[in-house]
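J.: Count along the sequence shown from 1, then add 4; that gives the number in the numbering used here.
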Amino acid sequence: MKRVIVVALIASIIMSLTACGAADNTSVPDMSSTNTVSVGDSVVDISASDNSESKTQDIDYKALVNKLHPLPDGWEDSLETVMVKNSLGDDVEVEKKAYDAYLKLKEDLEKENVHVDLDSARRSIADQQRIMDDFTKEYGADYALKTVATPGYSEHHTGLALDLYLNIDGEDVYLNEDMVQYPEIWAKIHEKLPEYGFILRYLEDKEYITGYGYEPWHLRYIDDVDAAKEITSKGLTFEEYLGAVNTTDVTVDLGTSELYTEDELKEAAVQVKCKFASFDGCMLQSLRYAGDECNTEENIKWLNSLDEGAEYTKVAEFLMDFHTPKENSGAFDADKDMKDYQWWLAQDSEGSWQVVSFGY
Ligand SMILES: [Zn+2]
Numbered sequence: 005m006k007r008v009i010v011v012a013l014i015a016s017i018i019m020s021l022t023a024c025g026a027a028d029n030t031s032v033p034d035m036s037s038t039n040t041v042s043v044g045d046s047v048v049d050i051s052a053s054d055n056s057e058s059k060t061q062d063i064d065y066k067a068l069v070n071k072l073h074p075l076p077d078g079w080e081d082s083l084e085t086v087m088v089k090n091s092l093g094d095d096v097e098v099e100k101k102a103y104d105a106y107l108k109l110k111e112d113l114e115k116e117n118v119h120v121d122l123d124s125a126r127r128s129i130a131d132q133q134r135i136m137d138d139f140t141k142e143y144g145a146d147y148a149l150k151t152v153a154t155p156g157y158s159e160h161h162t163g164l165a166l167d168l169y170l171n172i173d174g175e176d177v178y179l180n181e182d183m184v185q186y187p188e189i190w191a192k193i194h195e196k197l198p199e200y201g202f203i204l205r206y207l208e209d210k211e212y213i214t215g216y217g218y219e220p221w222h223l224r225y226i227d228d229v230d231a232a233k234e235i236t237s238k239g240l241t242f243e244e245y246l247g248a249v250n251t252t253d254v255t256v257d258l259g260t261s262e263l264y265t266e267d268e269l270k271e272a273a274v275q276v277k278c279k280f281a282s283f284d285g286c287m288l289q290s291l292r293y294a295g296d297e298c299n300t301e302e303n304i305k306w307l308n309s310l311d312e313g314a315e316y317t318k319v320a321e322f323l324m325d326f327h328t329p330k331e332n333s334g335a336f337d338a339d340k341d342m343k344d345y346q347w348w349l350a351q352d353s354e355g356s357w358q359v360v361s362f363g364y
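The following block contains the structure:
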């Protein structure tokens, strides 16, 4: 049984790797630690009776949880969730109010012949730790840290993050690479989100802020229609709205290449930007491809030597300018312009990028 779960997780993690670093859409429902009420005829009601007594306080629907901000203390004690079964037969656990809002959104979308379902919502910290432990055992700590989101730092812990999938002409469409083929359907969905208190969380070209590649399916419930409308109309990330990041205009220059397609270089830049999002307080200014001449035998050998078991066949270097935080953060000197900071990525024969090294 465990083996099956791990295989399924690998598939889903590899899928999301193409989008950005650590996986955020592995689904392992857990009913252990929150006040869960079940919904739907095929699910057993497990704790409706002690629901109101065990809830200690209200959760903050605008809590920021990302690669730098962990789930607030006490969250799992205060959280009230419902457990539902999706059309694929999977159990999905969602925060109560977010689920009510989702049902209204879904109903509204159905009037326009757009059909959605819930792929994954809440994952407990314990679930995430279990995934991390399984991966560490199977593939070693290095690989696990690189591929699995750090327990405590996934927005899915909140129960307020919902991953949708589509049903098109009666067929479920749930693989990431298939779902992205329907931008016009996602546009219809995204347009309706704010009215129900939802925002789209991982925006295109904002990876350096969110730490994740574009995910049209990942919604966040914030329980505030006005704020959701402002965030959406201004094209903001949640981090920007909350004032949690310093941002300026960012230029990305993919240059010219005979070695890589534009899409490959775009994807490499996304990987770099995702990683940069964890440079706490740093402000990205520009990112540029250093040119095909970086792909030397020597550099390929060097990057292979840094990653045990790697079989990289091609490398790419990117150069970055950024500004360090006003206050000394430990990692960098305060308030400094960092020019030509180097990022080294490598591809294996499958063609997927890994950020292998960065620094001067
Ligand atoms: Zn998600």
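By construction, the Cβ of each residue, glycine as well, lies at the ideal position given by its N, Cα and C atoms.
Between the C-alpha atoms of Ala-191 and Leu-197, what's the straight-line distance to the nearest angstrom?
T.: Within the sequence shown, numbered from 1, the residue matching residue 191 stands at position 187. Within the sequence shown, numbered from 1, the residue matching residue 197 stands at position 193. In a straight line, the C-alpha of Ala-191 is about 10 Å away from that of Leu-197.
J.: Which ranges does the alpha helix (DSSP H) cover as unbroken runs of at least 4 residues, wholly within the stretch 219–279, from first to last along the chain?
T.: Listed in chain order, the complete alpha helix (DSSP H) runs (minimum 4 residues) inside the stretch 219–279 are 229–237, 242–245.
J.: Taking only heavy atoms of ligand 1 into account, decide whether any of them is closer than 7 Å to the Cβ of His-161.
T.: As a first step, residue 161 must be located in the sequence shown, where it is residue number 157. Checking the Cβ of His-161 against ligand 1 gives no.
J.: When you measure from the CB of Ala-4 to every non-hydrogen atom of ligand 1, does any distance come out below 7 Å?
T.: The question about residue 4 has no answer, for the chain in this structure spans 5 to 364.
J.: Between the C-alpha atoms of Asn-332 and Leu-263, what's the straight-line distance to the nearest angstrom?
T.: Mapped onto the sequence shown, residue 332 falls at position 328. Mapped onto the sequence shown, residue 263 falls at position 259. Each residue's Cα considered, the two are about 40 Å apart.
J.: If we count the other Cβ atoms within 10 Å of its Cβ and call it buried at 16 or more, is Asn-180 buried or exposed?
T.: Here residue 180 refers to the residue found at position 176 of the sequence shown. Per the 10 Å Cβ criterion, buried.
J.: Under DSSP, the beta strand (DSSP E) around Tyr-147 begins and ends at which residues?
T.: Locating residue 147 in the sequence shown gives position 143, where the first residue counts as 1. Looking at the DSSP string, Tyr-147 is not in any beta strand (DSSP E); the run it does join, the alpha helix (DSSP H), is 145–151.
J.: Could you tell me which residues DSSP pairs with Asn-308 in its beta bridges?
T.: Counting from 1 along the sequence shown, the entry for residue 308 is found at position 304. Bridge partners of Asn-308: none, in fact.
J.: Are there any heavy atoms of ligand 1 lying less than 7 Å away from the beta-carbon of Glu-219, as far as the coordinates show?
T.: The residue given as residue 219 occupies position 215 in the sequence shown. Because some heavy atom of ligand 1 lies under 7 Å away, the Cβ of Glu-219 counts as near it: yes.
J.: Heavy atom of ligand 1 less than 7 Å from the Cβ of Asp-167, yes or no?
T.: Taking the first residue of the sequence shown as position 1, residue 167 is located at position 163. Checking every heavy atom of ligand 1 against the Cβ of Asp-167, one is found closer than 7 Å.
J.: Determine the contact status of Gly-201 and Tyr-178, defining contact as a CB-CB distance below 8 Å.
T.: Within the sequence shown, numbered from 1, the residue matching residue 201 stands at position 197. Within the sequence shown, numbered from 1, the residue matching residue 178 stands at position 174. Not closer than 8 Å, so no.
J.: Give the DSSP-derived three-state secondary structure of Arg-292 in the structure shown.
T.: Stepping through the sequence shown from its first residue, residue 292 is reached at position 288. The answer is strand: DSSP assigns Arg-292 an E or B state.
J.: Between His-194 and ligand 1, is the CB less than 7 Å from at least one heavy atom?
T.: Mapped onto the sequence shown, residue 194 falls at position 190. His-194 Cβ: outside cutoff for every heavy atom of ligand 1.
J.: For Pro-187, count neighbouring Cβ atoms within 10 angstroms of its own Cβ and tell me buried if that reaches 16, exposed if not.
T.: Here residue 187 refers to the residue found at position 183 of the sequence shown. Exposed, since its Cβ has fewer than 16 Cβ neighbours within 10 Å.
J.: Output the distance between the C-alpha atoms of Leu-258 and Lys-270, rounded to the nearest integer angstrom.
T.: The sequence position of residue 258 within the sequence shown is 254, counting from 1. The sequence position of residue 270 within the sequence shown is 266, counting from 1. Going from the Cα of Leu-258 to the Cα of Lys-270 covers about 7 Å.
J.: By how many angstroms is the C-alpha of Asp-253 removed from the C-alpha of Val-319?
T.: Along the sequence shown, one-based indexing puts residue 319 at 315. Along the sequence shown, one-based indexing puts residue 253 at 249. In a straight line, the C-alpha of Val-319 is about 28 Å away from that of Asp-253.
J.: How would you call Tyr-3, buried or exposed, if buried means at least 16 neighbouring beta carbons within 10 angstroms?
T.: Look at the range of the chain in this structure, 5 to 364, and you will see that residue 3 is not part of it.
J.: Could you give the first and the last residue of the continuous beta strand (DSSP E) run that contains Lys-210?
T.: In the sequence shown, the residue the question calls residue 210 occupies position 206. From DSSP, Lys-210 is part of no beta strand (DSSP E); its letter is neither H nor E.
J.: Could you check which residue in Asn-250, Asp-311, Ile-203 has the C-alpha nearest to that of Phe-3?
T.: A question about residue 3 goes unanswered here, because the residues of the chain that appear run from 5 up to 364.
J.: Thinking just about the alpha-carbon of each residue, which of Tyr-206, Lys-343, Tyr-293 is nearest to the one in Ser-261?
T.: Walking along the sequence shown from the start, residue 261 turns up at place 257. Of the listed residues, the one whose Cα sits closest to Ser-261 is Tyr-293.
J.: Compute the distance between the beta-carbons of Lys-277 and Leu-291, then report whether it is under 8 Å.
T.: Taking the sequence shown and counting its residues from 1, one reaches residue 277 at position 273. Taking the sequence shown and counting its residues from 1, one reaches residue 291 at position 287. Yes, these two residues count as a Cβ contact at 8 Å.
J.: Out of curiosity, what's the CA-to-CA distance linking Glu-268 and Ala-153?
T.: Mapped onto the sequence shown, residue 268 falls at position 264. Mapped onto the sequence shown, residue 153 falls at position 149. If you take the alpha carbons of Glu-268 and Ala-153, they lie about 24 Å apart.
J.: So, are the CB atoms of Cys-286 and His-327 less than 8 Å apart?
T.: Position 282 of the sequence shown, counted from the first residue, corresponds to residue 286. Position 323 of the sequence shown, counted from the first residue, corresponds to residue 327. The answer is yes: Cβ separation under 8 Å.
J.: CB of His-73 to nearest heavy atom of ligand 1: below 7 Å?
T.: Here the question's residue 73 lines up with position 69 in the sequence shown. Not so, every heavy atom of ligand 1 lies at least 7 Å from the Cβ.
J.: Say whether chain C places a C-beta atom closer than 8 Å to the C-beta of Ile-129.
T.: In summary, chain C is missing from the structure at hand, where a single protein chain is found.
J.: Compare the Cα-Cα distances from Ile-1 to each of Gln-132, Asp-104, Ile-189, Ile-213 and report the closest residue.
T.: Summary: the structure shown does not reach residue 1, with the chain confined to residues 5 through 364, and so no result is reported for it.
J.: Leaving aside the five residues before and after Leu-68 along the sequence, list all residues of the same chain whose C-beta is less than 8 Å from its C-beta, in chain order.
T.: For the purposes of this step, residue 68 is taken as the residue at position 64 of the sequence shown. Excluding sequence neighbours, Leu-68 sits near Phe-242, Glu-243, Leu-246, Ala-248.
J.: Following a CB-centred definition, is His-222 positioned closer than 7 Å to any heavy atom of ligand 1?
T.: Position 218 of the sequence shown holds residue 222. Yes, since a heavy atom of ligand 1 falls inside the 7 Å radius drawn around the Cβ of His-222.
J.: Three-state secondary structure (DSSP) at Phe-322?
T.: Residue numbering aside, residue 322 sits at position 318 when the sequence shown is read from its first letter. Strand at Phe-322.
J.: Confirm, please, whether the CB-CB distance from Phe-362 to Trp-348 is below 8 Å.
T.: For the purposes of this step, residue 348 is identified with residue 344 of the sequence shown, where counting begins at 1. For the purposes of this step, residue 362 is identified with residue 358 of the sequence shown, where counting begins at 1. In contact: Trp-348 and Phe-362 (Cβ atoms closer than 8 Å).
J.: Would a C-beta distance cut-off of 8 Å place Leu-166 and Val-88 closer than the cut-off?
T.: The sequence position of residue 166 within the sequence shown is 162, counting from 1. The sequence position of residue 88 within the sequence shown is 84, counting from 1. Not a contact, by the Cβ cut-off of 8 Å.
J.: Bridge partners for Ser-124 per DSSP, in chain order?
T.: Along the sequence shown, one-based indexing puts residue 124 at 120. Per DSSP, Asp-167.
J.: Measuring straight from C-alpha to C-alpha, what distance separates Glu-84 and Lys-101?
T.: Against the sequence shown, residue 84 aligns to sequence position 80. Against the sequence shown, residue 101 aligns to sequence position 97. Taking the straight line from one Cα to the other gives about 9 Å.
J.: Short check: CB of Asp-228 to CB of Leu-72, under 8 Å?
T.: In the sequence shown, residue 228 corresponds to position 224, counting from 1. In the sequence shown, residue 72 corresponds to position 68, counting from 1. Against a cut-off of 8 Å, the Cβ pair of Leu-72 and Asp-228 comes out as no contact.
J.: What does the alpha-carbon distance come out to for the pair Tyr-345 and Trp-357?
T.: Numbered from 1 along the sequence shown, position 341 holds the residue referred to as residue 345. Numbered from 1 along the sequence shown, position 353 holds the residue referred to as residue 357. Going by the C-alpha atoms only, they are around 19 Å apart.
J.: Taking C-alpha atoms, which residue in Gly-215, Gly-174, Lys-340, Asp-296 lies nearest to Val-118?
T.: Along the sequence shown, read from residue 1 onward, the residue named residue 118 stands at position 114. For the residues Gly-215, Gly-174, Lys-340, Asp-296, the minimum Cα distance to Val-118 belongs to Gly-174.
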